[in-house]
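In what follows, a single structure is set out as structure tokens and then discussed.
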Ligand SMILES: Cc1ncc(C[n+]2csc(CCOP(=O)(O)OP(=O)(O)O)c2C)c(N)n1
Ligand SMILES: Cc1ncc(C[n+]2csc(CCOP(=O)(O)OP(=O)(O)O)c2C)c(N)n1
Ligand SMILES: [Mg+2]
Ligand SMILES: [Mg+2]
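Protein chains in written order, with the numbering used here: chain A, 266 to 591; chain B, 266 to 591; chain C, 202 to 541; chain D, 202 to 541.
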């Protein structure tokens with residue numbers, strides 16, 4: 266699959282934005298400026314970006330607790346995201362959601378999710394909307410290797426198979442669910458193979474290679490759009506940081522992490538390949554890095570300068586309309 | 266697999282008991298002597314009996330809303346069962362359970378179940394008990410084609426795969442879940458094949474042939490006992506009556522039902538084969554039928570003559586011990 | 202339209218579904234066997250089921266299987282899908298069949314459906330109706346006889362309606378479908394066949410408005426769903442003893458029209474609540490707590506609650522009859538507060 | 202044993218688990234990452250997690266992975282398995298991690314675990330403990346900050362305990378494990394690090410016994426879990442104004458020690474309930490309803506409930522602070538009932 270230069274640049278920018286965003290969130294969190302939990306996506310950028318590169322704002326995705334990457338890949342504004350993490354009124358969810366609940370329907374982002382496996386049925390619903398209304402949109406659900414063991418995975422994929430929904434299920438197999446290895450928790454240790462149980466296409470993807478993700482996701486999404494039903498992709502990937510910030514990671518070695526950072530960094534490798542092939546130049550990419558770094562900087566400044574929500578706002582936005590008396 | 270004569274007679278008696286029990290329940294229900302819902306197992310006898318023939322009282326089974334057959338196959342007393350259906354104090358559950366909740370732990374019967382798929386995790390628990398305590402018992406879970414679409418199926422089978430539990434999962438594919446065809450509801454239409462998703466053995470069984478069930482269940486149960494982990498069996502079978510009594514069955518033709526009754530009756534076929542092979546004689550089998558018919562008759566008399574539970578019994582048996590004050 | 206037109210509650214609900222599907226092409230219906238016969242090879246299998254009470258029978262012939270869909274037995278899957286579809290442009294009516302099955306889709310209902318709007322800062326809406334049958338009295342035992350509405354009323358982000366007449370059922374279903382939030386629409390099994398006047402044209406009974414079903418000034422009885430019948434008949438019986446009972450049907454449990462209840466208690470000074478849901482943390486305690494705060498100074502007697510015991514629902518008629526509140530128990534409670 | 206021995210609530214719970222696993226070989230522990238490192242190739246990965254608060258860390262080294270098991274993320278699967286195991290000879294302690302996840306295993310909990318004994322006519326028992334973290338105050342947002350105990354208290358067949366001190370946590374966990382019924386053991390996140398005296402030896406705090414944490418005769422305040430701290434500190438503050446507050450910690454929500462509460466209200470004539478669970482059909486309404494019936498003639502003021510609003514839990518500290526009941530709100534409620 267030939268990727269046009271403009272698209273390559275956009276892909277790089279998205280991946281770089283995710284990486285820099287996450288590195289910065291890490292610092293902000295360590296400095297106690299971000300409350301709650303954060304789960305970082307650094308290392309896995311190729312999956313979100315390689316998939317979302319094929320989607321429009323009308324195509325919907327559902328995401329996970331590790332959702333910053335999906336949000337950025339889908340085009341959610343980083344300023345509004347950072348303000349959300351800060352818990353400010355200017356946040357994309359007005360400070361009500363936080364890291365695990367960032368959403369932006371205008372960008373086709375149907376929510377990060379604090380519930381493992383929670384987004385899978387929701388994505389089926391978004392695909393159902395497209396199907397019932399006769400639109401050619403697709404829905405993509407991202408979830409982890411751990412999430413593939415939830416009942417919602419089974420029920421969602423079976424439903425998508427029965428109705429031949431325009432959906433793509435993207436298992437991000439980063440090897441771990443918290444401290445539990447996917448070799449242990451996924452009986453059979455083969456997520457892509459589970460597609461067969463639903464009469465669905467299933468494919469293993471090198472999630473550390475943007476080009477492999479881009480190609481296979483492209484096919485799956487095109488098939489869904491064409492009315493050829495759902496696909497399950499298992500993207501093998503790696504997370505650079507702990508499960509959440511604060512995780513001591515006693516279940517894997519620091520050498521392993523270093524090895525991945527060094528030799529399987531999706532950004533480094535993308536850069537090496539595109540410049541090798543002379544599709545892009547180092548100058549172009551450096552320029553992007555600089556631009557991204559400025560945008561993250563200004564996102565942090567924006568967040569830090571933003572007002573807190575008003576306490577009275579706590580009871581807003583529960584219902585569209587609720588006629589309680591007394 | 267050679268089946269000893271004594272076992273053949275026992276198998277016939279169990280199948281005949283189920284058939285006659287169900288036919289009689291049908292009449293009693295039509296005559297308004299049995300309250301609530303009933304779901305009849307007639308036609309599917311070979312599955313419950315062929316599987317349970319390999320089990321002891323210490324091996325546990327979990328069952329479904331269509332549970333009478335499993336209970337009888339596992340050795341639950343038919344008098345106490347009939348009294349339970351009648352809602353009497355002498356019922357196996359003292360009238361508290363009824364058709365959908367018959368249970369008898371002394372016989373290794375961990376309950377019919379009103380929740381589709383509800384018994385699967387429970388069976389994993391019974392298998393876990395055996396494994397933790399180092400006993401060589403097994404647990405078997407019966408469920409329908411419809412039940413194979415519940416999240417509990419996925420979570421239970423995956424767990425059994427991860428822990429290599431001594432469990433056997435028996436999907437009774439009778440073609441329908443209420444009025445919905447399994448060809449429609451099971452994406453991929455292959456339940457046995459779902460075993461692969463859990464790195465588990467999976468096998469299609471002719472559920473209308475006692476001998477096929479007996480052989481394949483025997484192997485699966487022996488493997489579980491030997492510590493070789495779980496198996497999923499998909500038994501293709503057929504129910505002679507509607508989903509529940511009262512179902513008009515607009516989804517299938519009366520001719521089809523007749524065809525099954527005529528040519529795929531597990532009892533007729535068992536009889537034909539065992540007498541053909543001169544393993545058993547018609548006299549022996551007729552004698553069993555008579556004995557069974559007497560036992561059903563006396564079960565009905567017992568039930569009809571039994572007292573109703575006392576109204577004050579309604580608050581008994583909720584807890585082992587509940588120290589509420591006020 | 203004739204004043205005499207009578208329908209069962211089930212037919213009234215079907216009529217509302219029919220009207221709304223006609224009126225708005227984004228309304229869809231989904232659930233296990235809501236049509237029936239999916240995958241059957243028979244040409245006339247269409248519409249052979251229609252849900253356990255036949256309510257959605259006949260809709261597929263008119264609206265097609267694109268808009269009314271049989272699902273696999275996967276409550277988390279299809280109710281989650283209904284919620285996802287609602288957030289993206291449809292207005293699904295999802296049938297959970299029996300409310301007792303809520304334990305399977307509950308995460309999708311309470312962590313997703315009920316919270317999406319809030320977590321997303323008000324930038325989404327989830328116009329779903331979840332229909333389910335509630336209540337005992339048909340010897341369906343512990344897993345097919347529960348009420349459980351107290352649990353849904355507990356959860357912020359959900360709305361809960363429980364009609365007790367065919368008229369209200371139609372009007373509340375219409376309101377529920379047009380409502381932009383997630384509404385539980387709970388149908389008492391023993392009311393589905395009860396008949397009453399239902400206008401042919403479409404109309405709305407607003408959510409959050411209680412109905413005074415009978416006026417009286419001695420004691421207020423608040424009763425829910427099938428319990429309304431007991432309350433009304435107890436009231437009729439007590440008339441002879443000179444006791445004037447006011448009977449209130451909340452109709453919506455969330456939002457709850459507390460004003461109507463409190464006003465009534467301020468008038469009567471006495472309150473009995475009849476709730477078929479189990480006694481702890483239920484609607485009866487909710488309404489009692491409301492009155493013990495807001496109508497305290499008017500209260501002349503202890504607030505009595507008539508509910509089943511804190512036990513699962515038993516199967517045997519002999520036990521279930523003892524389990525479900527009886528008219529006798531309602532009468533006794535009213536006499537008790539009158540004697541106080 | 203020294204009177205000075207202090208442990209955190211988390212350590213107290215771990216000690217109870219340790220004691221009981223030692224005492225009874227049928228006690229097992231299971232849940233996601235309760236040990237940690239399952240499937241890791243590192244030799245020293247054992248016990249690298251121990252649950253979100255490290256409570257079950259260290260147990261595997263002693264008891265082995267046969268008796269303490271990491272599970273896949275399959276709450277219906279492993280909690281159902283715990284229930285099935287309990288009915289067949291084990292006494293599992295299953296960790297649900299956050300109570301917010303109950304929507305996944307709920308069917309197994311309430312239709313199976315809670316009802317098996319009853320449906321089976323008393324011929325089975327289900328000695329399971331389900332541990333879960335509850336409550337807000339750590340900016341964990343809508344899906345990781347709920348209380349939800351009102352839902353479990355609503356269900357017949359379940360027991361629910363909510364300790365507020367390390368001493369009670371250890372004694373109640375011991376009681377819960379030895380109990381033959383299904384017990385929810387709920388651990389407030391903001392209490393896990395709080396310290397208090399805990400004897401080294403094993404002891405039991407019986408289920409169903411409330412504790413009067415502070416005596417007073419002007420007003421009764423019943424508070425749950427973390428809310429006890431607010432109540433005690435409000436009481437201390439009001440002492441100066443000459444208001445004597447009695448503070449009751451129910452400790453068990455089901456069974457509930459209603460006697461202790463009613464006795465207190467009969468003495469004080471005034472009742473305030475502080476509940477961090479959302480306001481509809483919650484423990485606060487349950488206790489208010491109890492008092493409005495059983496202690497009616499002693500009541501001198503409206504019963505006040507202090508709870509969060511009927512909304513999901515917001516993320517931002519600015520909003521969450523406004524959401525969770527504050528000491529100020531408790532003081533205001535007490536002043537209100539005192540002024541009545
Ligand atoms: C239903 C549910 N169970 C458990 C958790 C706690 N939890 C949060 S993330 C996580 C691990 C998820 O692993 P995986 O799906 O592989 O995603 P990853 O973190 O690797 O991206 C767990 C157990 C949860 N949030 N929701
Ligand atoms: C969780 C749940 N969903 C739905 C139902 C209603 N219901 C009872 S039996 C049944 C069909 C079951 O089909 P299958 O599993 O194939 O078993 P069969 O009846 O064919 O033996 C349904 C939908 C239920 N009891 N529980
Ligand atoms: Mg993972
Ligand atoms: Mg079937």
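The beta-carbon is built from N, C-alpha and C at its ideal position, and this holds for glycine as well.
For residue i, the three-state DSSP class (helix, strand or coil)
| i | result |
| --- | --- |
| residue 461 (chain D) | helix |
| residue 202 (chain C) | Per-residue confidence for residue 202 (chain C) stands at a pLDDT of 49, beneath the threshold of 50, marking its modelled position as unreliable; the derived number appears in the next sentence. Residue state, collapsed to three classes: coil. |
| residue 499 (chain C) | helix |
| residue 303 (chain C) | helix |
| residue 446 (chain C) | strand |
| residue 272 (chain A) | helix |
| residue 281 (chain B) | helix |
Check: residue i C-beta below 7 Å from any heavy atom of ligand 4
| i | result |
| --- | --- |
| residue 414 (chain B) | no |
| residue 441 (chain B) | yes |
| residue 448 (chain B) | no |
CB of residue i within 8 Å of CB of residue j, strictly
| i | j | result |
| --- | --- | --- |
| residue 454 (chain C) | residue 484 (chain C) | yes |
| residue 366 (chain C) | residue 397 (chain C) | yes |
| residue 411 (chain C) | residue 452 (chain C) | yes |
| residue 481 (chain C) | residue 426 (chain D) | no |
| residue 539 (chain B) | residue 350 (chain B) | no |
| residue 236 (chain D) | residue 257 (chain D) | yes |
| residue 539 (chain D) | residue 343 (chain C) | no |
Residue closest to residue i, alpha-carbon to alpha-carbon, out of the options
| i | options | result |
| --- | --- | --- |
| residue 515 (chain C) | B:529, B:339, B:367 and B:343 | B:367 |
| residue 318 (chain D) | C:513, C:250 and C:528 | C:513 |
| residue 371 (chain B) | B:324, B:385 and B:290 | B:324 |
| residue 509 (chain C) | B:570, B:573, B:577 and B:590 | B:577 |
| residue 413 (chain D) | D:389, D:444, D:464 and D:248 | D:464 |
| residue 569 (chain B) | B:501, B:344 and B:548 | B:344 |
| residue 312 (chain B) | B:283, B:296, B:303 and B:295 | B:283 |
| residue 165 (chain C) | C:424, C:352 and C:471 | Given that chain C is displayed from residue 202 to residue 541, the structure contains no residue 165 (chain C) and the question cannot be resolved. |
| residue 500 (chain A) | A:513, A:574, A:468 and A:298 | A:468 |
| residue 533 (chain D) | D:507, D:520 and D:428 | D:507 |
| residue 312 (chain D) | C:314, C:310, C:313 and C:305 | C:305 |
| residue 447 (chain D) | D:269, D:299 and D:420 | D:420 |
Closer than 7 Å: residue i CB and nearest ligand 2 heavy atom
| i | result |
| --- | --- |
| residue 409 (chain B) | yes |
| residue 499 (chain B) | no |
| residue 223 (chain C) | no |
| residue 274 (chain C) | yes |
| residue 319 (chain A) | no |
Proximity test, residue i beta-carbon vs ligand 1 heavy atom, cut-off 7 Å
| i | result |
| --- | --- |
| residue 331 (chain A) | yes |
- Query: What residue ranges within the segment 379–433 of chain C form continuous beta strand (DSSP E) runs of no fewer than 3 residues, ordered along the chain?
  - Reply: 383–389, 396–398, 412–415 and 420–424
- Message: Which runs of the alpha helix (DSSP H) at least 4 residues long sit entirely within the segment 306–335 of chain C? Give them in chain order.
- Response: 317–320
- Identify every run of the beta strand (DSSP E) within the segment 447–501 of chain B, keeping only runs that are complete inside it and at least 3 residues long; order them along the chain. 466–471 and 496–501
- Item | beta strand (DSSP E) runs contained entirely in the segment 522–578 of chain B, provided each spans 3 or more residues | none
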